[in-house]
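Numbering (the numbering used here), first residue to last: 1 to 137.
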């Protein structure tokens, strides 16, 4: 991929009650990609990491948060509705209690909003996927 550091979005505000819709396509030989939402690269409330084959996982969606320089408790649930080379849409909503992540097949992951934030302004997309649409409304 042309940008190893991924895409950072810092001028959009994502507030509780709004929906963040991310559309993209994993590369044909993608091992994994990630969507990060938080206040900064050091303070991620939500890290969504679909893994085709990475970090010892195959076809797993791993969620986590990154706080104070440390990864917290990994969270795994749900199936794996992603295919290499095929477009996907992920929708994320949140409140002070939890994030609700709607996967491409309509299944949901519920991940605790561990920091309890009501607004996040930092989004980072990394890994072997091309993100072509980011929308908040």
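We put the beta carbon where it would ideally sit given N, CA and C, even for glycine.
Small disclaimer: the values here were computed from a predicted structure and weren't measured.
{"Check": "Near the ligand ATP: residue 7 beta-carbon under 8 Å from a heavy atom", "Outcome": "Ligands in the displayed structure: none, and consequently the ligand ATP is not present."}
{"Check": "Residue of 52, 131, 38, 34 minimising C-alpha distance to residue 118", "Outcome": "38"}
{"Check": "Same chain only: Cβ atoms within 7 Å of residue 29, ignoring 5 sequence neighbours per side", "Outcome": "84"}
{"Check": "Three-state secondary structure assigned by DSSP to residue 1", "Outcome": "In this predicted model, residue 1 has a pLDDT of only 38, less than 50, meaning its place in the structure is not dependable; the value taken from the coordinates is given anyway. Note: residue 1 maps to coil in three-state DSSP."}
{"Check": "Where residue 55 sits in the DSSP three-state scheme", "Outcome": "coil"}
{"Check": "Spatial distance of residue 72 from residue 124 (CA atoms)", "Outcome": "18 Å"}
{"Check": "Residue 135 burial status per 10 Å Cβ neighbour count (16 or more: buried)", "Outcome": "exposed"}
{"Check": "Backbone CA spacing between residue 50 and residue 62 [nearest angstrom]", "Outcome": "6 Å"}
{"Check": "Selected residue, minimal CA-CA separation from residue 47, among 23, 105, 78, 126", "Outcome": "126"}
{"Check": "Pairwise C-alpha distance: residue 69 and residue 14", "Outcome": "23 Å"}
{"Check": "Cβ-Cβ distance between residue 132 and residue 8 below 9 Å", "Outcome": "no"}
{"Check": "Residue 10 versus residue 130 - alpha carbon distance", "Outcome": "18 Å"}
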